[in-house]
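So in the numbering used here, spot 7 of the sequence shown is number 7, and the numbers just go up one at a time.
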Amino acid sequence: MRIAVITESDPNETRVAATPETVKKLAALGATFCIEAGAGLRSGITDDDYTAAGATIAKTAKAALKDAEVVLKVRRPNAAEIAATPKGALVLAVMDPYGNDEALKAMADAGLATFAMELMPRITRAQVMDVLSSQANLAGYRAVIDAAEEYGRALPMMMTAAGTVPAARIFIMGVGVAGLQAIATARRLGAVVTATDVRPATKEQVESLGAKFVAVEDDEFKQAETSGGYAKEMSKEYQAKQAALVASHIAKQDIVITTALIPGRPAPKLLSAEMVASMRQGSVIVDLAVERGGNVVGAEPGKVVTTANGVKIVGHLNVPGRLAATSSSLYAKNLFSFLETMIDKNAKALAVKWDDELVKATNLTRDGAVVHPNFQPATATV
Numbered sequence: 001m002r003i004a005v006i007t008e009s010d011p012n013e014t015r016v017a018a019t020p021e022t023v024k025k026l027a028a029l030g031a032t033f034c035i036e037a038g039a040g041l042r043s044g045i046t047d048d049d050y051t052a053a054g055a056t057i058a059k060t061a062k063a064a065l066k067d068a069e070v071v072l073k074v075r076r077p078n079a080a081e082i083a084a085t086p087k088g089a090l091v092l093a094v095m096d097p098y099g100n101d102e103a104l105k106a107m108a109d110a111g112l113a114t115f116a117m118e119l120m121p122r123i124t125r126a127q128v129m130d131v132l133s134s135q136a137n138l139a140g141y142r143a144v145i146d147a148a149e150e151y152g153r154a155l156p157m158m159m160t161a162a163g164t165v166p167a168a169r170i171f172i173m174g175v176g177v178a179g180l181q182a183i184a185t186a187r188r189l190g191a192v193v194t195a196t197d198v199r200p201a202t203k204e205q206v207e208s209l210g211a212k213f214v215a216v217e218d219d220e221f222k223q224a225e226t227s228g229g230y231a232k233e234m235s236k237e238y239q240a241k242q243a244a245l246v247a248s249h250i251a252k253q254d255i256v257i258t259t260a261l262i263p264g265r266p267a268p269k270l271l272s273a274e275m276v277a278s279m280r281q282g283s284v285i286v287d288l289a290v291e292r293g294g295n296v297v298g299a300e301p302g303k304v305v306t307t308a309n310g311v312k313i314v315g316h317l318n319v320p321g322r323l324a325a326t327s328s329s330l331y332a333k334n335l336f337s338f339l340e341t342m343i344d345k346n347a348k349a350l351a352v353k354w355d356d357e358l359v360k361a362t363n364l365t366r367d368g369a370v371v372h373p374n375f376q377p378a379t380a381t382v
């Protein structure tokens, strides 16, 4: 069972899909690793670290992929990587399948069995494989650190002989995994924290972390969560009421962090230009959804924008990758935990259970076709 790990081709991607720890664990299950030279450097892992764990180092991605039965990646393979991957190989990565039909077709045409880690069902058995949670948790933490850096003032209240420094007011919009970690981090740093979300179950979570919940709590709000635990898209009427409440609140905040994402759709706009303009000079907004279109009007991917009224809008790309060593460690463990379910431990060989609920939920392509029901090619109608 030969496993390949290559350097991520995206220049913004600092993470790597395997660590020496997961190399050792998979080697114990019968795997041999071939890793492209330098693949882990941006995550603080040297080739010598991998060699010490039992991996072989290849000079190029093509050499690493040769004869691979499994390919572990952070992001979906590009055209050159697909071409270099042997037919029938399993490819595990964050595939970003929504709206990328051509990429799915290319992987299917190449005969690859691909798995989208972000489609892992949120059930108890799969918690250890949940890449969205492991990476969002770090993104929420880093968002507060990035906000504090740009804010340029102290976050906690300080009583000194020279006078009292007031606590910063931080507002978190979207209370998923990232939002909850942002609340916890901001509270640990001494800020006064408020938060909002359309899902009623989050109110108790917010308050348990010592923050105040802000929302229009009407009948629509009470039914605003899917069975899978995701936020539903709200009606225009509710959005207007919530926007009015939020607008008055935002004008008083020092830092706003937005985290709202709906799977398969552009990020909802939460902050209008008018809301941004209402904030004081020196205030900071961190948009964690900027790669999906952004929650904030005026946010630009990969940039820190300063508005005419002196508000900074932070739009860093790949925020988990800003903590590359930690995020790679967690992501590699997610991959290991999933791949482990596809290995016959007695035979020490691949044995994918194609009827397993985790496999069916994540499997995009197999045997030359796109097999996931959510991504079937559109049927032409007459």
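Even glycine gets a Cβ: it sits at the ideal position worked out from N, Cα and C.
Quick one: what's got a C-beta closer than 7 angstroms to residue i's C-beta in the same chain, skipping five residues either side?
i: V382; result: Since pLDDT at V382 reaches only 42, below the 50 mark, its modelled position is unreliable, and no value is offered.
i: S328; result: R15, V16, T19, S43
i: A380; result: Model confidence at A380 stands at a pLDDT of 44, short of 50, so the residue's coordinates are unreliable and nothing is read from them.
i: A103; result: R76
i: T114; result: V91, M95, M107, L364, T365
Just to confirm my understanding: we take residue i, look at its own chain, exclude 5 residues before and 5 after, and list those with CB closer than 6 angstroms. What are they?
i: R42; result: T14, A324
i: T388; result: Coverage of the chain is limited to positions 1 through 382, which leaves residue 388 absent and any answer about it impossible.
i: A116; result: M95, P97, T362, L364
i: A186; result: V144, I170, V193
i: A58; result: C34, E36, A64
i: A53; result: P20, V23, K24
i: V284; result: A147, E150, Y151, I255, K312
Within 10 Å of its beta-carbon, does residue i have 16 or more other beta-carbons around it, so buried, or fewer, so exposed?
i: A347; result: exposed
i: M159; result: exposed
i: A61; result: buried
i: K345; result: exposed
i: R122; result: exposed
i: N374; result: exposed
i: D287; result: buried
i: G264; result: exposed
i: N12; result: exposed
i: M157; result: exposed
i: T56; result: exposed
i: P166; result: exposed
i: Q253; result: buried
i: E207; result: exposed
i: A369; result: exposed
i: G210; result: exposed
i: P320; result: buried
i: A79; result: exposed
i: E149; result: exposed
i: N309; result: exposed
Mind checking whether the beta-carbon of residue i lies closer than 7 angstroms to any heavy atom of the ligand HEM?
i: Q239; result: In terms of ligand content, the structure shown is empty, and the ligand HEM therefore cannot be addressed.
Taking residue i as the reference, give the member of the options with the closest Cα.
i: Q242; options: L26, M95, T196, R169; result: T196
i: D67; options: A89, D49, A154, T258; result: A89
i: G174; options: A126, V371, K24, I262; result: I262
i: P20; options: S208, C34, P377; result: C34
i: D218; options: S328, V314, L364, V198; result: V198
i: I313; options: A273, L350, F338; result: A273
i: L29; options: L339, G282, A80, A211; result: L339
i: Q205; options: A182, Q223, G190; result: A182
i: V177; options: V284, A260, N295; result: A260
i: E357; options: V214, S248, P268, M342; result: M342
i: L155; options: A191, E118, V296; result: A191
So who's on the other strand from residue i, going by DSSP bridges?
i: K312; result: V284, T306
i: R2; result: T32
i: A113; result: L90
i: G163; result: T160
i: F370; result: In the sequence on display, residue 370 carries Val and not Phe. Answer is T365.
i: R75; result: V94
i: L350; result: I343
i: I183; result: Note: I183 sits in no beta bridge, so no partner.
i: T194; result: F171, K212
Short of 8 angstroms in beta carbon distance, which residues of its chain neighbour residue i, apart from the five on each side in sequence? Order them along the chain.
i: V216; result: Y238, K241, Q242, L245
i: E291; result: P301, L317, N318
Any 3 or more C-beta pairs closer than 8 angstroms across the segment 268-277 and the segment 110-117: no
Stretch-stretch touch, CB-based, cutoff 8 angstroms, three pairs: the segment 292-305 with the segment 129-140: no
Inter-stretch contact (C-beta, 8 angstroms, three-pair minimum) for the segment 39-54 and the segment 318-332: yes
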